[in-house]
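**Student:**
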Amino acid sequence: MGKPIKITETILRDAQQSLIATRMSTEEMLPIIDKMDQVGYHAVECWGGATFDACLRFLKEDPWERLRKFRDGFKNTKLQMLFRGQNILGYRPYADDVVEYFVQKSVANGIDIIRIFDCLNDLRNLQTAVTAANKEKAHAQVALSFTLGDAYTLDYWKDIAKRIEDMGADSICIKDMAGLLVPYQASELVSALKETVDLPIELHTHYTSGVASMTYLKAVEAGVDIIDTAISPFAMGTSQPATEVMVETFKGTPYDTGLDQELLSEIADHFRPIRDKALKTGLLNPKNMGVDIQTLLYQVPGGMLSNLTSQLKEQGAEDKFYEVLKEVPRVRKDLGEPPLVTPSSQIVGTQSVFNVLMGERYKMATKETKDILLGKYGTTVKPMNEEVKQKVIGDKEPITCRPADLLEPELDKLKKEVETWSEQEEDVLSYALFPQVATDFFKYRAAQKDGIDPELGNKENGTYPV
Ligand code: CO
2 MGKPIKITET ILRDAQQSLI ATRMSTEEML PIIDKMDQVG YHAVECWGGA
52 TFDACLRFLK EDPWERLRKF RDGFKNTKLQ MLFRGQNILG YRPYADDVVE
102 YFVQKSVANG IDIIRIFDCL NDLRNLQTAV TAANKEKAHA QVALSFTLGD
152 AYTLDYWKDI AKRIEDMGAD SICIKDMAGL LVPYQASELV SALKETVDLP
202 IELHTHYTSG VASMTYLKAV EAGVDIIDTA ISPFAMGTSQ PATEVMVETF
252 KGTPYDTGLD QELLSEIADH FRPIRDKALK TGLLNPKNMG VDIQTLLYQV
302 PGGMLSNLTS QLKEQGAEDK FYEVLKEVPR VRKDLGEPPL VTPSSQIVGT
352 QSVFNVLMGE RYKMATKETK DILLGKYGTT VKPMNEEVKQ KVIGDKEPIT
402 CRPADLLEPE LDKLKKEVET WSEQEEDVLS YALFPQVATD FFKYRAAQKD
452 GIDPELGNKE NGTYPV
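According to our numbering, the sequence shown is numbered sequentially starting from 2.
Rendered as C-alpha cells:
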C-alpha cells in the first residue's frame with residue numbers, strides 16, 4: 002500500500018503570487034535555481050497565472066526572457082505553467098489561433114507541463130489548449146476548478162474527470178484555489194476520481210482556511226499522486242503548505258518523497274530574506290499569513306476578499322463589507338453557480354459590489370456580467386436566474402455554442418498592430434494579452450536599448466512617453 006508522493010514546488014509562481022502579489026523579480030530567483038534543480042521535484046511551477054502580467058506591468062521584465070532563463074538553469078526539472086483555457090493568461094476569450102500559438106511558444110521557450118483550467122469547468126473552453134499541448138508534445142494537465150454547491154456532487158466530478166480523460170489530457174489536477182476542500186472530503190473526492198480514471202491525480206490547495214496540510218494527508222492516503230507545496234518562507238496563509246513539512250510528514254512511510262531536507266533548508270535560506278524584505282515594505286501583509294475563517298464561512302477565495310476590500314475602500318464604503326460578502330453567494334447563484342476563480346471571481350465580486358452600493362440589485366450590470374449571462378464565457382453547471390437575465394440582457398438570445406467558435410482568427414491582425422515594437426516573435430503574444438501594458442513595456446525596452454533612462458523618460462522627442 003502506498004507509493005512515493007511527488008512534489009510540485011510553487012515558490013516561483015503561486016506562492017509568490019498569493020503572498021506578495023507576484024512581485025518577485027527574476028534576479029531574486031536565479032541564484033537559487035541551480036540548487037532547486039538538484040532537489041528532484043516532480044515539477045517547478047514557475048510561469049503563467051499572474052506572473053506574465055506582473056512581469057510586464059510592475060517589474061518591467063520580459064516574461065519570455067524569464068522563462069528562457071529558467072530553462073537554462075533547470076536542466077533536470079520539469080517546468081510547469083498555469084493557463085486559463087481559452088483566456089490564456091488574460092481576461093477575455095481569444096481566438097483559437099492565438100491560443101495555439103501561445104502554447105507553441107510556451108513549449109518552445111521551455112515549458113514541459115501546462116496546467117489548463119476554465120473558470121466554469123466548461124471543457125469546450127479547454128479543448129484547443131489541450132490539443133495544442135498534445136501536438137507540441139507537452140504534458141497537458143487539466144485542472145478541475147474546485148468549488149462547493151448543490152451541483153458539485155461526487156458524480157459531477159467523476160463525470161467531468163472521465164470526459165477530461167477522453168479529451169486527451171495526461172493528468173488531472175484538483176485545483177482548490179480557495180482552500181475549501183476539507184480533509185475527509187478530499188479523501189472521498191480523490192478515491193472517487195481514482196476509481197473513475199487512470200490518469201495521475203494532483204492536488205492543489207491553499208492554506209487560507211487553515212486545513213490544507215491535513216487535506217494533503219488525507220488525499221495522499223486516498224491515493225493522490227502529486228501535491229503542490231511551497232518552500233517554508235513563502236508557505237501557508239494564502240499560499241500552499243510548506244514543502245519541508247510535507248516531506249517530513251511522509252518520511253519513513255510508503256509515501257516517502259525522498260527529498261533531501263538539507264537541500265530544502267538551503268533553498269529556504271535563500272527565500273527568507275526576500276520574505277523579510279517584503280514584510281518590511283508592506284508588500285507581504287501579515288493578514289495573509291494566518292487563518293482566514295471567512296473563507297470557510299463565505300466560500301470566497303482569499304484573493305477575492307482582498308479585491309473586495311480594496312474596491313470598497315476606493316468607494317469609501319468599507320462599512321458595506323459584510324453586506325457585499327452576503328451578496329456574493331446570491332450573485333453566484335444568479336449566474337449559474339460557477340466556481341470562483343479568475344475571471345468568474347472578479348465578475349461575481351464586482352457585480353456584488355455594484356448591487357450593494359446602488360441599493361438595487363442589477364440596477365447597473367458590468368459588461369462582464371452581461372457577457373456571462375449571454376453565454377460568452379460558456380455554459381454554467383446550473384441554469385441562470387431568468388429574472389436577472391431579463392433585467393440585464395432583456396430579450397437578447399444567449400449563445401449556446403463554444404464561445405470561441407464565434408471568434409475570427411486574430412493573430413495576423415495583432416501582428417500588424419505590434420509591428421513597430423516587435424523584437425521577437427513572442428512579442429505579439431504579450432501584446433495580445435495586455436495591449437496597453439505590453440506596448441508600454443516595449444517602449445521601455447526600446448528606451449533602455451537607446452541608453453535613455455526609462456525611469457526618467459524622454460517626453461520631449463517622444464522616445465519614451467511615460
Ligand atoms: Co493556486
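The beta-carbon is built from N, C-alpha and C at its ideal position, and this holds for glycine as well.
Report yes if the CB atom of I8 is closer than 8 Å to the CB atom of T244, and no otherwise.
**Tutor:** Residue numbering aside, residue 8 sits at position 7 when the sequence shown is read from its first letter. Residue numbering aside, residue 244 sits at position 243 when the sequence shown is read from its first letter. Yes. Within cutoff.
**Student:** Write down the C-beta distance between T216 and A187 rounded to the nearest angstrom, noting that I regard them as a contact closer than 8 Å.
**Tutor:** To locate residue 216, count along the sequence shown from 1; it is residue 215. To locate residue 187, count along the sequence shown from 1; it is residue 186. About 5 Å; that satisfies the 8 Å criterion.
**Student:** Would you tell me roughly how many angstroms separate the C-alpha atoms of M30 and W48, rounded to the nearest one?
**Tutor:** Position 29 of the sequence shown, counted from the start, is the residue given in the question as residue 30. Position 47 of the sequence shown, counted from the start, is the residue given in the question as residue 48. So the alpha carbons of these two residues sit roughly 12 Å apart.
**Student:** Determine the closest residue to V143 out of V108, F103 and I165, with distance taken between C-alpha atoms.
**Tutor:** As a first step, residue 143 must be located in the sequence shown, where it is residue number 142. For V143, the nearest C-alpha among the options comes from I165.
**Student:** On the criterion of 16 or more Cβ atoms from any shown chain inside 10 Å, does G463 qualify as buried, or is it exposed?
**Tutor:** By 1-based counting over the sequence shown, the position of residue 463 is 462. A caution first: G463 carries a pLDDT of 39, below 50, which makes its placement in the model unreliable, though a value can still be read off. By the neighbour-count rule (16 or more Cβ atoms within 10 Å), G463 is not buried but exposed.
**Student:** Is it buried or exposed for D335, if we count other Cβ within 10 angstroms and need 16 for buried?
**Tutor:** As a position in the sequence shown, residue 335 is number 334, starting the count at 1. Buried, because 16 or more other Cβ atoms sit within 10 Å of the Cβ of D335.
**Student:** When burial is assigned at 16 or more other CB atoms within 10 Å of the CB, is A152 buried or exposed?
**Tutor:** As a working mapping, residue 152 is identified with position 151 in the sequence shown. Burial call: exposed.
**Student:** Would T208 pass as a contact of G169 if the rule is Cβ separation under 8 Å?
**Tutor:** Position 207 of the sequence shown, counted from the first residue, corresponds to residue 208. Position 168 of the sequence shown, counted from the first residue, corresponds to residue 169. Position check: residue 208 holds Tyr in this sequence, whereas Thr was assumed. Contact: no.
**Student:** Taking 8 Å as the threshold (C-beta atoms), are A139 and I115 in contact?
**Tutor:** Here residue 115 refers to the residue found at position 114 of the sequence shown. Here residue 139 refers to the residue found at position 138 of the sequence shown. Taking 8 Å as the Cβ cut-off, I115 and A139 qualify as a contacting pair.
**Student:** Let me confirm a value: C120 is counted as buried when at least 16 other C-beta atoms fall within 10 Å, else exposed. Which label applies?
**Tutor:** In the sequence shown, the residue the question calls residue 120 occupies position 119. By the neighbour-count rule (16 or more Cβ atoms within 10 Å), C120 is buried.
**Student:** DSSP three-state call for L374: helix, strand or coil?
**Tutor:** Translated into positions along the sequence shown, residue 374 becomes position 373. Helix at L374.
**Student:** Span of the alpha helix (DSSP H) holding R331?
**Tutor:** Counting from one through the sequence shown, the residue named residue 331 turns up at place 330. From DSSP, the alpha helix (DSSP H) with R331 extends over F322 to D335.
**Student:** Need the endpoints of the beta strand (DSSP E) that G253 sits in, please.
**Tutor:** The residue you call residue 253 lines up with position 252 of the sequence shown. Note, G253: premise wrong, no beta strand (DSSP E); not H, not E.
**Student:** Can you give the beta carbon distance from V476 to L204, rounded, assuming they're within the 8 Å contact cut?
**Tutor:** No statement about residue 476 is possible, as the shown extent of the chain runs from 2 to 467 and does not include it.
**Student:** To the nearest angstrom, report how far apart I394 and I400 are at their CA atoms.
**Tutor:** Translated into positions along the sequence shown, residue 394 becomes position 393. Translated into positions along the sequence shown, residue 400 becomes position 399. Going from the Cα of I394 to the Cα of I400 covers about 12 Å.
**Student:** Determine the extent of the beta strand (DSSP E) in which H207 is found, giving its start and end residues.
**Tutor:** Counting from one through the sequence shown, the residue named residue 207 turns up at place 206. Unbroken run through H207: none, as it is neither H nor E.
**Student:** Counting C-beta neighbours from all protein chains within 10 Å, is the total for Q87 16 or more, i.e. buried, or is it exposed?
**Tutor:** To locate residue 87, count along the sequence shown from 1; it is residue 86. The residue is buried, with at least 16 neighbouring Cβ atoms inside 10 Å.
**Student:** Could you name the residues that DSSP lists as bridge partners for G49?
**Tutor:** The residue you call residue 49 lines up with position 48 of the sequence shown. G49 pairs with L83.
**Student:** Given a cut-off of 8 Å, decide if L434 and G111 are closer than it, judged by their beta-carbon atoms.
**Tutor:** If you number the sequence shown from 1, residue 111 lands on position 110. If you number the sequence shown from 1, residue 434 lands on position 433. No, these two residues do not count as a Cβ contact at 8 Å.
**Student:** What's the C-alpha gap between I33 and L68?
**Tutor:** As a first step, residue 33 is located in the sequence shown; it is residue number 32 there, counting from the start. As a first step, residue 68 is located in the sequence shown; it is residue number 67 there, counting from the start. About 15 Å.
**Student:** Near the ligand CO, which residues have their beta-carbon closer than 6 Å to a heavy atom?
**Tutor:** Listed by chain position, these are D15, M178, H205 and H207.
**Student:** Rounded to the nearest angstrom, what separates L313 and S240 at their Cα positions?
**Tutor:** Position 312 of the sequence shown holds residue 313. Position 239 of the sequence shown holds residue 240. Rounded to whole angstroms, L313 to S240 spans 24 Å at the Cα level.
**Student:** Closest by CA to A213, which one among L200, Y185, T197 and S192?
**Tutor:** Start at 1 with the first residue of the sequence shown, and residue 213 comes out as number 212. The candidate whose alpha carbon is nearest that of A213 is Y185.
**Student:** Mark D311 as exposed unless 16 or more other C-beta atoms lie within 10 angstroms of its C-beta, in which case mark it buried.
**Tutor:** For this step, residue 311 is matched to residue 310 along the sequence shown. Reading the sequence as shown, one finds Ser at residue 311 and not Asp. It counts as exposed.
**Student:** Please state whether DSSP places I453 in a helix, a strand or coil.
**Tutor:** Stepping through the sequence shown from its first residue, residue 453 is reached at position 452. In the structure shown, I453 sits in coil (DSSP, three-state: anything other than H, G, I, E or B).
**Student:** Helix, strand or coil for K176, going by three-state DSSP, please let me know.
**Tutor:** Position 175 of the sequence shown holds residue 176. Strand at K176.
**Student:** Could you spell out the range, first to last residue, of the alpha helix (DSSP H) harbouring E267?
**Tutor:** Along the sequence shown, read from residue 1 onward, the residue named residue 267 stands at position 266. Q262 to T282 is the extent of the alpha helix (DSSP H) around E267.
**Student:** The alpha helix (DSSP H) with F71 in it runs from where to where?
**Tutor:** Within the sequence shown, the letter at position 70 stands for residue 71. Its alpha helix (DSSP H) spans residues P64 to G74.
**Student:** Tell whether a beta-carbon distance below 8 Å holds between K159 and F442.
**Tutor:** The count along the sequence shown starts at 1 and reaches residue 159 at position 158. The count along the sequence shown starts at 1 and reaches residue 442 at position 441. Cβ distance not < 8 Å, so K159 and F442 don't count as in contact.
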